[in-house]
Structure formats: C-alpha cells, structure tokens
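**Student:** The opening position of the sequence shown corresponds to residue 41 in this note's numbering, with each subsequent residue numbered one higher. Note that the Cβ used here is the ideal one computed from N, Cα and C, for glycine as well. Predicted, not measured: the structure shown is a model, and the values here were computed from it. Below you'll find the structure I mean.
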Amino acid sequence: MKISDVLNESILNENGKLKKSGIGMGLGVGIGKGKVEMTSSENVMEEFEIKSKMRKVCLGIPTKELDVKNILRLLKEPICLFGEDSYDKRKRLKSVLITKYDKFVKKKNIDNEEEVEEFKNILKRYYIDFSKLYDVNSPEYLKINELEEQLGTKRLKQQSIAAKGITVRSTITEKFYTESSEALKTARLDLTLKTLPRILLHKEMIKKFQDKFSKDEFERYISLYILSVIRIHVLTCSEDETIKFFDIETQEELFYQEGHNTNVYSATFNPYGNLYLSGDSKGGLMLWDIRTGKNIDKKKMVHNNLIMNINFNPFFPNMFCTCSADNTIKIFDLRNFTVSCNILAHNKIVTDAVFEPTYGRYITSSSFDTFIKIWDSVNFYCTKILYNNDNKVRNVDISPDGSFISSTSFDRTWKLYKNTEFAEENILAHFS
Numbered sequence: 041m042k043i044s045d046v047l048n049e050s051i052l053n054e055n056g057k058l059k060k061s062g063i064g065m066g067l068g069v070g071i072g073k074g075k076v077e078m079t080s081s082e083n084v085m086e087e088f089e090i091k092s093k094m095r096k097v098c099l100g101i102p103t104k105e106l107d108v109k110n111i112l113r114l115l116k117e118p119i120c121l122f123g124e125d126s127y128d129k130r131k132r133l134k135s136v137l138i139t140k141y142d143k144f145v146k147k148k149n150i151d152n153e154e155e156v157e158e159f160k161n162i163l164k165r166y167y168i169d170f171s172k173l174y175d176v177n178s179p180e181y182l183k184i185n186e187l188e189e190q191l192g193t194k195r196l197k198q199q200s201i202a203a204k205g206i207t208v209r210s211t212i213t214e215k216f217y218t219e220s221s222e223a224l225k226t227a228r229l230d231l232t233l234k235t236l237p238r239i240l241l242h243k244e245m246i247k248k249f250q251d252k253f254s255k256d257e258f259e260r261y262i263s264l265y266i267l268s269v270i271r272i273h274v275l276t277c278s279e280d281e282t283i284k285f286f287d288i289e290t291q292e293e294l295f296y297q298e299g300h301n302t303n304v305y306s307a308t309f310n311p312y313g314n315l316y317l318s319g320d321s322k323g324g325l326m327l328w329d330i331r332t333g334k335n336i337d338k339k340k341m342v343h344n345n346l347i348m349n350i351n352f353n354p355f356f357p358n359m360f361c362t363c364s365a366d367n368t369i370k371i372f373d374l375r376n377f378t379v380s381c382n383i384l385a386h387n388k389i390v391t392d393a394v395f396e397p398t399y400g401r402y403i404t405s406s407s408f409d410t411f412i413k414i415w416d417s418v419n420f421y422c423t424k425i426l427y428n429n430d431n432k433v434r435n436v437d438i439s440p441d442g443s444f445i446s447s448t449s450f451d452r453t454w455k456l457y458k459n460t461e462f463a464e465e466n467i468l469a470h471f472s
C-alpha cells in the first residue's frame, strides 16, 4: 500500500467524524479530487437558534434532579449519559424540550397527535412555559431584526468596496483573522450578525429597567426593606452601615441615619408606626424616633452575633423579640429597653422569630438546625417542635388568625403547617 493511499484514507476518516459530529459550521472544504459534504448554513443557524432559546427558558426547567429524570423518562430519552452531571442533564433536557417544541408546536410537523398531546401535558405538569419564546410581534423582536438588517447592509457595503478594489485608509476593513478557510470566517461572521444585535438589545433593556425601577442610593448591598404601618413610607437598611427613609409616592429620600458602624441587617416598626428598631451584624440594637429622625437611646450590644430579625408583639406593643446567629431569642421591654427573657432557642443560627400577628399568643422560630419551634408568649416555654426533613429553615411566618404556619427552607421548598385542633381558646394545640 502506498503512503499516499494511507494519508487519503486517514483524511477521509477524519472528515467522516467531523460530518457525524456536526463540526463543520457549514463549510465546503475541498479534499482530494472532490469536496466533503458538510452541514448547511441553515442547519447551523437553526442549531444556534436552539442554543439561544435554551438560555431563555432556563428558569422554566425544574432544578430538582429527580424531576429532570422523570421528564426525560416521559420524553423517552436516556435519563443519564456517561460522564453527565446534573448541569449537563438539565442542559440536555432543555435542548430536547426546545427541539420538540419547535417540531410539534411552532413548525407543526406532526406525525402522531397523541405524542403531541403527551408532550403538552408534560409541559403543563411541570409548569414549563414557552409562551415568551416566539413572540415575533414584540418590540424587542422587531428591534433585533432591524439591527440584523443594519449590520447585514453594512457588511454587504464592505464586501462591495473590497470587490471593487477600493482601499479605505480612514477605516480598518479587516479585523478578523483565522488560519482556516474563508468559509469559516464567513460562518463566524454570520453567527456574529445573529448574536451582536441581541447582546446590544439585552444591555439596552437592562438599562431601561434600571432607570425605571431602581434607585441607586446605597454604596453596598441592601439587606432589608420594610413598609411603614401607614404604608406611605419605606425603610431600607444596608451593608454600607446606613438606614434610609423614602416616600413611596415621590420616591424621594426623606432622611438617612448612621450610628451602627457595621452592616445594618434587620429593622422593624412598632405597631403604632412612630418608632422603629434596627439591628446590625455585631449584635447591636438601636431605637429610633421617626418624627425627629434621631435615636432615643444609645446602641446596646444585646447579642454576640448578627441580629437576624426583630418582631413586635401586636397585642402588647411594648414587647418585642430578636433572634440572632448566636442561637438565641431575646424578649425585650420597650419601656426601659432591657432584656426581660433570654431563650436558648436552637442549636444553630436562629434565622427568624415572629409573634402570632393578631394577639401575640405564641412565637414561632426557625433555624439552621432544621427545626421550627413554637413558644408560649407568656412563660416562653417550647410547646411544639416541627421537623423539616433535615433541611435548614430560612424564614417562617404565621397566618393572621394564627391557624397556619408557613416556612421556606434551603431545599427550595415552601411548607404550610396547619393547627389540626385550632380554636380561639386552644391556639397552642398541635400543628401538623
């Protein structure tokens, strides 16, 4: 066998692999006497469109691996490929869903009606929404087409000038270099013409949204915002160590306050709306008068770590509680601004603690130790422990009548607990 025959066979094998893997980007590269047939530019652009759509529907795809596997199983796809992690599995699922959506819904290339209905039921079952994917009449979509036409026209003019042999000294006509063929350069420029308008439009939409809805008033992250009792003011606290007060109607800053000298992490109004409390990341607590904008008492170090939340008793406005990363809950008397009870509540960070919102008959607390605890607001004894399946609990809240408790946790779930023996006189009965 001649060496030239071996080389030609090797080249043909390599190009066969390229053809199977789709690596060709629409190129027609001459090899030997003939040309190897590659994927067309239309197929390449369709594949590129699918990838761009995958980025749009990322929020509609379940993040739980069990749900992802179930959807793949229902779509009759392999639930796992060799070397595939959870991210790759979700990415593959998005590609499969978009491809099937294009086939069944957009292009209506239907061979089996039952298969289409089954696909639509899967989308409904897992709340996957593609409605915003093909809104061709939206201003954003029309703007993209307009930018594509402008860039395409500009490119045609440059090609026309180059074909006529006219040299433009004031501008650089070539900014692209590749060691491959001219066809690869053309394909990459085509992809750029599709990508660049979307990037510019995305930046423009973000700027428009920020100009309309955001107020850049802080130098660092805003850790909390709350509405006043009369619902006309909003109070924000931030990691830039300040507290600011805004008017909702005019969106103007009324005043800002300093005094914590560390990150301000929590704040709340009293039931009358004339005072508010703020807590910082070192356990400091301050009491402020809204009418004068001044602190009533000097800062008190009441915890050994970050104050996670502050909450008033709605029935006894002089009583409030704080919870902290030092694993404790403390009950305060507002009249003398002192601790009246110290509760060793949990084994880890106490993330939230709130009074029952109508009569303050009990306190509910949540923690990183995965438990939710219910405390009697008279003797401050723990009357019930709710379990959360070994997942950290981030927040807890209580319904207005005290019959339900809701919680959010780090397993990305929201849980609702009901008092199975609820009665006005038996508010501390068992929750389930």
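#1: Alpha carbon to alpha carbon, what distance is there between residue 445 and residue 458?
#2: Taking residue 274 as part of the alpha helix (DSSP H), name the residues at either end of that continuous run.
#3: If we call anything under 8 Å between Cβ atoms a contact, is residue 335 one with residue 327?
#4: Can you tell me whether DSSP reads residue 159 as helix, strand or coil?
#5: When the Cα atoms are used, what is the spatial distance from residue 396 to residue 443?
#6: On the three-state DSSP scale, how would you describe residue 228?
#7: Which word fits residue 207, buried or exposed, when buried means at least 16 other C-beta atoms lie within 10 angstroms of its C-beta?
#8: Do three or more CB pairs link the stretch 383-393 to the stretch 329-344 at distances below 8 Å?
#9: Is it the case that the Cβ atoms of residue 117 and residue 145 are separated by a distance below 8 Å?
#10: Give the C-beta separation of residue 407 and residue 389 to the nearest angstrom, bearing in mind that I take them to be a contact with Cβ-Cβ under 8 Å.
#11: Between the C-alpha atoms of residue 310 and residue 409, what's the straight-line distance to the nearest angstrom?
#12: Out of curiosity, what's the CA-to-CA distance linking residue 313 and residue 456?
#13: Looking only at its own chain, which residues have a Cβ that is under 7 Å from the Cβ of residue 373, when we skip the five neighbours before and after it?
#14: From this set, 329, 243, 131, 122, which residue's C-alpha is nearest residue 108's C-alpha?
#15: Tell me whether residue 142 sits in a helix, a strand or coil according to DSSP, three-state version.
#16: From residue 143 to residue 227, what does the alpha carbon distance come to, in whole angstroms?
#17: Which stretch, first to last residue, makes up the beta strand (DSSP E) that contains residue 293?
#18: Our contact map puts residue 353 next to residue 439 with C-beta atoms below 8 Å; I'd like the distance itself, whole angstroms only.
#19: Counting only the same chain and skipping the five closest in sequence on each side, list residues whose C-beta sits under 6 Å from that of residue 341.
#20: Taking residue 332 as the reference, give the member of 321, 276, 315, 348 with the closest Cα.
#21: Please classify residue 427: is it buried, with 16 or more other beta-carbons within 10 angstroms of its beta-carbon, or exposed?
#22: Considering just the uninterrupted stretch of the beta strand (DSSP E) at residue 445, what are its terminal residues?
#23: Closer than 7 Å by C-beta to residue 288: which residues in its own chain qualify, once you throw out the five before and the five after it? Chain order, please.
#24: One question on the structure: do residue 349 and residue 365 come within less than 8 Å of each other, judged by their Cβ atoms?
#25: Considering only the beta carbon of each residue, do residue 435 and residue 423 sit closer than 8 Å?
#26: Take the Cβ of residue 403 as the centre, count every other Cβ of all protein chains shown within 10 Å, and call the residue buried at 16 or more, exposed below.
#27: Does the Cβ of residue 71 have 16 or more other Cβ atoms within 10 Å, making it buried, or fewer, making it exposed?
#28: Where DSSP assigns a beta bridge to residue 456, which residues make up the other side?
#29: For residue 320, count the other beta carbons within 10 Å of its own beta carbon; 16 or more makes it buried, fewer makes it exposed. Which is it?
#30: For residue 427, write down the residues that DSSP places opposite it in a beta bridge.
#31: For residue 414, count neighbouring C-beta atoms within 10 Å of its own C-beta (all shown protein chains included) and say buried if the count is 16 or more, exposed if not.
#32: According to DSSP, is residue 282 part of a helix, a strand, or is it coil?
#33: Grab me the residues of residue 298's own chain with a C-beta within less than 6 Å of its C-beta, minus the 5 sequence neighbours each way, in chain order.
#34: When burial is assigned at 16 or more other CB atoms within 10 Å of the CB, is residue 243 buried or exposed?
#35: Who are residue 355's beta bridge partners in DSSP?
**Tutor:** Quick look at the numbers:
#1: Along the sequence shown, read from residue 1 onward, the residue named residue 458 stands at position 418. Along the sequence shown, read from residue 1 onward, the residue named residue 445 stands at position 405. So the alpha carbons of these two residues sit roughly 7 Å apart.
#2: Here residue 274 is taken as the residue at index 234 of the sequence shown, counted from 1. Counting along the chain, residue 274 falls outside any alpha helix (DSSP H), though it belongs to the beta strand (DSSP E) covering 273-278.
#3: Start at 1 with the first residue of the sequence shown, and residue 335 comes out as number 295. Start at 1 with the first residue of the sequence shown, and residue 327 comes out as number 287. Yes; because the gap between Cβ atoms is below 8 Å, this pair is in contact.
#4: As a first step, residue 159 is located in the sequence shown; it is residue number 119 there, counting from the start. If DSSP states are grouped into helix, strand and coil, residue 159 belongs with the helices.
#5: Counting from 1 along the sequence shown, the entry for residue 396 is found at position 356. Counting from 1 along the sequence shown, the entry for residue 443 is found at position 403. Going by the C-alpha atoms only, they are around 9 Å apart.
#6: Mapped onto the sequence shown, residue 228 falls at position 188. The answer is helix: DSSP assigns residue 228 an H, G or I state.
#7: Walking along the sequence shown from the start, residue 207 turns up at place 167. The predicted model places residue 207 with a pLDDT of 47, which falls under 50 and marks its position as unreliable; any figure quoted below should be read in that light. Result: exposed.
#8: The stretch 383-393 and the stretch 329-344 do not touch, with fewer than 3 CB-CB distances between them shorter than 8 Å.
#9: Counting from 1 along the sequence shown, the entry for residue 117 is found at position 77. Counting from 1 along the sequence shown, the entry for residue 145 is found at position 105. Taking 8 Å as the Cβ cut-off, residue 117 and residue 145 do not qualify as a contacting pair.
#10: Your numbering for residue 407 matches position 367 in the sequence shown. Your numbering for residue 389 matches position 349 in the sequence shown. Right, the Cβ-Cβ distance comes to about 6 Å (below 8 Å), so this counts as a contact.
#11: Here the question's residue 310 lines up with position 270 in the sequence shown. Here the question's residue 409 lines up with position 369 in the sequence shown. If I take the Cα positions, the gap works out to 29 Å.
#12: Within the sequence shown, numbered from 1, the residue matching residue 313 stands at position 273. Within the sequence shown, numbered from 1, the residue matching residue 456 stands at position 416. So the alpha carbons of these two residues sit roughly 30 Å apart.
#13: The residue given as residue 373 occupies position 333 in the sequence shown. Excluding sequence neighbours, residue 373 sits near 358, 359, 380.
#14: Taking the first residue of the sequence shown as 1, we reach residue 108 at position 68. Answer by Cα proximity: 131.
#15: Counted from its first residue, the sequence shown places residue 142 at position 102. In this structure, residue 142 counts as helix in the three-state DSSP scheme.
#16: Your numbering for residue 143 matches position 103 in the sequence shown. Your numbering for residue 227 matches position 187 in the sequence shown. So the two alpha carbons sit approximately 25 Å from each other.
#17: Here residue 293 refers to the residue found at position 253 when the sequence shown is read from its first residue. Here the beta strand (DSSP E) through residue 293 covers 293-298.
#18: Counting from one through the sequence shown, the residue named residue 353 turns up at place 313. Counting from one through the sequence shown, the residue named residue 439 turns up at place 399. In fact, because the Cβ distance is near 17 Å, the residues do not count as touching under 8 Å.
#19: Against the sequence shown, residue 341 aligns to sequence position 301. 323, 324.
#20: Against the sequence shown, residue 332 aligns to sequence position 292. That would be 315, whose Cα lies nearest to the Cα of residue 332.
#21: Counting from 1 along the sequence shown, the entry for residue 427 is found at position 387. Burial call: exposed.
#22: Here residue 445 refers to the residue found at position 405 of the sequence shown. Start and end: 444-449.
#23: Reading the sequence shown from its first residue, position 248 is the one you call residue 288. In its chain, beyond the 5 residues on either side, 272, 273, 274 have a beta carbon closer than 7 Å to the beta carbon of residue 288.
#24: Against the sequence shown, residue 349 aligns to sequence position 309. Against the sequence shown, residue 365 aligns to sequence position 325. Between residue 349 and residue 365, the C-beta spacing is not below 8 Å.
#25: For the purposes of this step, residue 435 is identified with residue 395 of the sequence shown, where counting begins at 1. For the purposes of this step, residue 423 is identified with residue 383 of the sequence shown, where counting begins at 1. No, the Cβ-Cβ distance between residue 435 and residue 423 is not below 8 Å.
#26: One-based indexing of the sequence shown puts residue 403 at position 363. Residue 403 comes out buried.
#27: What you label residue 71 is simply residue 31 of the sequence shown in a count that begins at 1. Only weak support is given to the placement of residue 71: the predicted model assigns it a pLDDT of 38, under 50, and the value that follows is read from those uncertain coordinates. So residue 71 counts as exposed.
#28: By one-based count along the sequence shown, residue 456 stands at place 416. Answer is 446.
#29: Mapped onto the sequence shown, residue 320 falls at position 280. It is buried - the Cβ of residue 320 has at least 16 other Cβ atoms within 10 Å.
#30: As a first step, residue 427 must be located in the sequence shown, where it is residue number 387. In the DSSP output, where bridge partners are listed per residue, residue 427 has 411.
#31: On the sequence shown, position 374 is the one that residue 414 refers to. Taking a 10 Å sphere around the C-beta of residue 414, we find 16 or more other C-beta atoms and assign the residue as buried.
#32: Translated into the one-based positions of the sequence shown, residue 282 becomes position 242. Looking at residue 282 - three-state DSSP - the assignment turns out to be strand.
#33: In the sequence shown, counting from the first residue as 1, residue 298 sits at position 258. The residues 282, in chain order, have a CB closer than 6 Å to that of residue 298 in the same chain once the five nearest residues on each side in sequence are set aside.
#34: In the sequence shown, the residue the question calls residue 243 occupies position 203. Label assigned to residue 243: exposed.
#35: Translated into the one-based positions of the sequence shown, residue 355 becomes position 315. For residue 355, which the question treats as bridged, DSSP gives no partner whatsoever.
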